[in-house]
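All remarks here apply to the structure that follows.
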Amino acid sequence: MPNSSQTVRSLIRSRYESLTQTERKLANSLLENYPAAGLASITIVAENAGVSTPTVARMVQKLGFKGYPQFHKALREELEAQVSGPIKKHENWASEAPDSHMLNRFADSVMHNLSQTLSHVDTEKFDQAVSVLADKENQLFVVGGRITRALADYTFTHMQAIRPRVTHMTSSSATWPHYVLDMAEGDVLLMFDVRRYETNLLRLAELASSRGVKVILITDQWASPVAKVADHIFNCWVEIPSAWDSNIATMMLLEAMIAAVQEKIWPETRERFERLDELFDMTRLFRKFS
377 MPNSSQTVRS
387 LIRSRYESLT
397 QTERKLANSL
407 LENYPAAGLA
417 SITIVAENAG
427 VSTPTVARMV
437 QKLGFKGYPQ
447 FHKALREELE
457 AQVSGPIKKH
467 ENWASEAPDS
477 HMLNRFADSV
487 MHNLSQTLSH
497 VDTEKFDQAV
507 SVLADKENQL
517 FVVGGRITRA
527 LADYTFTHMQ
537 AIRPRVTHMT
547 SSSATWPHYV
557 LDMAEGDVLL
567 MFDVRRYETN
577 LLRLAELASS
587 RGVKVILITD
597 QWASPVAKVA
607 DHIFNCWVEI
617 PSAWDSNIAT
627 MMLLEAMIAA
637 VQEKIWPETR
647 ERFERLDELF
657 DMTRLFRKFS
């Protein structure tokens, strides 16, 4: 029996590398809709994941459970513990509005997106990506698509203050060959691509990767085709009750990443901030209060 302080999700992640390809398919299915995907019968869980029932039985044993009933019970108890928590007990986010009000439906969706995004971030891989982004020896290129170019611009504004050698690529793919021309092995390309995925971004990633550039992709839960060539992939949940997808979870991850890069090279970044403030004072761009 696994440690009761460990969630089933954390067990799956910790044993993921030891699983077979078929078992990983099951693991991905369970994590995609956690914990609901594992609360059905073993037959239904197998059917939903597109695997056999013996595969389900083998995998839960690899996780440390005697059998599927014990695995199922652990998930149920975990869900009950979550529901009894103070956050889950709220009646409405906006107390004066009914459950069906847009504010409450939107808040529920956003909280779900944040929870799912955080639960799917591998902290070790996050730290690895931060180290790559903080490496001042290599040029950092940042690019987004039709919608995500705003995220790329936000990233560039911060990264340019934190470290040198940062390039914001325009959203026009016609200009990209000029940037690729200056890319060298070891450089970094931070990309944003969410549905509807842009073909040109995939081609850019392929060109950059072929030159030895490390590609970091921030995408949605379904994953952009760029994922097949990216070195680091981060999935953010984006669905909300709207015709548009949400960038709130993506922004949360991005700001955490920016803060981590700043922290990693803080002594140099602090000096850079001080010099930047001196330049701003010289331009008199901002009002100073005595």
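Residues 377 to 666 (our numbering) are what the sequence shown spells out, left to right.
Idealized CB from N, CA, C, for every residue including glycine.
DSSP-derived helix/strand/coil call for residue i
i           : result
residue 441 : coil
residue 567 : strand
residue 517 : strand
residue 610 : strand
residue 512 : coil
residue 641 : coil
residue 388 : helix
residue 398 : helix
residue 596 : strand
residue 431 : helix
residue 591 : strand
residue 602 : helix
residue 542 : strand
residue 533 : helix
residue 426 : coil
residue 448 : helix
residue 491 : helix
residue 418 : helix
residue 615 : coil
Alpha-carbon spacing of residue i relative to residue j, whole angstroms
i           : j           : result
residue 596 : residue 624 : 12 Å
residue 642 : residue 449 : 46 Å
residue 428 : residue 394 : 18 Å
residue 521 : residue 483 : 26 Å
residue 358 : residue 476 : Residue 358 lies beyond the stretch modelled for the chain, which goes from 377 to 666, so this question has no answer here.
residue 443 : residue 431 : 12 Å
residue 452 : residue 535 : 44 Å
residue 445 : residue 455 : 15 Å
residue 489 : residue 660 : 41 Å
residue 658 : residue 652 : 10 Å
residue 571 : residue 529 : 19 Å
residue 648 : residue 499 : 28 Å
residue 413 : residue 562 : 40 Å
residue 468 : residue 487 : With a pLDDT of 48 at residue 468, under the threshold of 50, the modelled position of that residue is not reliable, and no figure is offered here.
residue 662 : residue 632 : 27 Å
residue 419 : residue 433 : 10 Å
Per-residue burial, residue i [other beta carbons within 10 Å of its own, 16 or more giving buried]
i           : result
residue 409 : exposed
residue 560 : exposed
residue 650 : exposed
residue 403 : buried
residue 505 : buried
Cβ pair residue i, residue j closer than 9 Å
i           : j           : result
residue 564 : residue 605 : no
residue 406 : residue 425 : yes
residue 566 : residue 518 : yes
residue 634 : residue 538 : yes
residue 610 : residue 447 : no
residue 438 : residue 400 : no
residue 602 : residue 583 : no
residue 552 : residue 580 : yes
Chain B contact for residue i (CB, 9 Å cutoff)
i           : result
residue 455 : Among the chains of the structure shown, chain B does not appear; only one protein chain is present.
Contacting residues, own chain, Cβ-Cβ under 6 Å from residue i (five flanking each side not counted)
i           : result
residue 510 : 637, 640, 641
residue 607 : 590, 591
residue 587 : 559
residue 326 : No information on residue 326 is available, as it lies outside the stretch 377 to 666 that the chain covers here.
residue 547 : 525
residue 645 : 538, 638
residue 600 : 569, 573
residue 615 : none
Same chain, Cβ closer than 8 Å to residue i, five either side skipped, listed in chain order
i           : result
residue 617 : 478, 481, 482, 485
residue 527 : 520, 568, 594, 623, 626, 627, 630
residue 554 : none
residue 435 : 395, 399, 402, 403
Chain-order list of residues whose beta-carbon lies under 7 Å from that of residue i (same chain, five-residue window excluded)
i           : result
residue 532 : 518, 542, 544
residue 576 : 549
residue 513 : none
residue 323 : Nothing can be reported for residue 323, as the shown portion of the chain is limited to 377 through 666.
residue 385 : 407, 410, 495
residue 417 : none
residue 540 : 512
residue 598 : 571
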